[in-house]
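Student: A single structure is presented below for examination.
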Amino acid sequence: MRVTLRVNGRMHDVDVEPEDTLLSVLRSDLGLTGSKFGCGEGQCGACTVLVDGQAMRSCVLRVDALASKEVTTIEGLAQGERLHPVQEAFLDAEAFQCGYCTPGMVMATVALLRANARPSAQDIARAMDRNVCRCGTYSRIVKAVQIAAE
Ligand code: FES
1 MRVTLRVNGR MHDVDVEPED TLLSVLRSDL GLTGSKFGCG EGQCGACTVL
51 VDGQAMRSCV LRVDALASKE VTTIEGLAQG ERLHPVQEAF LDAEAFQCGY
101 CTPGMVMATV ALLRANARPS AQDIARAMDR NVCRCGTYSR IVKAVQIAAE
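Residue numbering for the sequence shown follows full-length UniProt numbering, beginning at 1 and increasing consecutively.
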């Protein structure tokens, strides 16, 4: 079936199978490989994108349910050469090691700060709790969120 998706402000017509996930369409059909496949079960957060501004796990979202939604991926954050403030904060805090979880962490942070511009350490821990970093750079990730909130 054919679905029209709005991703990062652009419309895309894609042929999909009913069981296709948003993550597979982003990566395989649209070439947007910033969102990562980790667990494929909605558990790790590596595939986090924004759907109408809310952080969502794209590996468990059926693409046919997103026709009227605005999807934002990590590729949609920067304005030309200028990184998004959350991306800058992650760089400033060196909040990554291998970097695999970083796009999902950044998208979760963007959603958090839209909902709560001045999160407490507890708010940050609660919001980021379901995003996994196998390298264990959590303290620097929290620092990045705090820098982004300044
Ligand atoms: Fe989607 Fe892990 S790959 S939550």
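For each residue, glycine too, the CB sits at the ideal point set by N, CA and C. Please read these numbers as outputs of a predicted model, since none were measured by experiment.
Comparing alpha-carbon positions, which option in Glu-150, Ala-67, Arg-27 and Gly-9 lies nearest Leu-113?
Tutor: Nearest option by C-alpha distance: Glu-150.
Student: So is the beta-carbon of Gly-99 under 6 angstroms away from any non-hydrogen atom of the ligand FES?
Tutor: No, the Cβ of Gly-99 stays beyond 6 angstroms of every heavy atom of the ligand FES.
Student: At a cut-off of 6 angstroms, is Cys-47 close to the ligand FES when judged by its beta-carbon and the heavy atoms of the ligand?
Tutor: Correct: Cys-47 has its Cβ closer than 6 angstroms to the ligand FES.
Student: With which residues is Gln-79 paired in a DSSP beta bridge?
Tutor: Paired residues: Arg-82.
Student: Can you find the residues in the same chain that come closer than 7 angstroms, C-beta to C-beta, to Gln-87, ignoring five residues on each side of it along the sequence?
Tutor: Excluding positions up to five away in sequence, the list reads Leu-77, Ala-78 and Val-106.
Student: Quick check on Met-107: does DSSP put it in helix, strand or coil?
Tutor: Correct three-state label for Met-107: helix.
Student: Runs of 3 residues minimum, wholly inside the UniProt domain "2Fe-2S ferredoxin-type" (1-77): which ones carry the beta strand (DSSP E) assignment?
Tutor: Runs found: 2-7, 10-15, 48-51, 54-57 and 70-72.
Student: Hey, is the segment 23-42 in contact with the segment 51-71, meaning 3+ C-beta pairs nearer than 8 angstroms?
Tutor: Cβ pair count under 8 angstroms is three or more, so yes.
Student: Quick test of your reading: Leu-23 and Val-14, contact by CB under 8 angstroms. State the CB separation rounded to the nearest angstrom.
Tutor: About 13 angstroms; that fails the 8 angstroms criterion.
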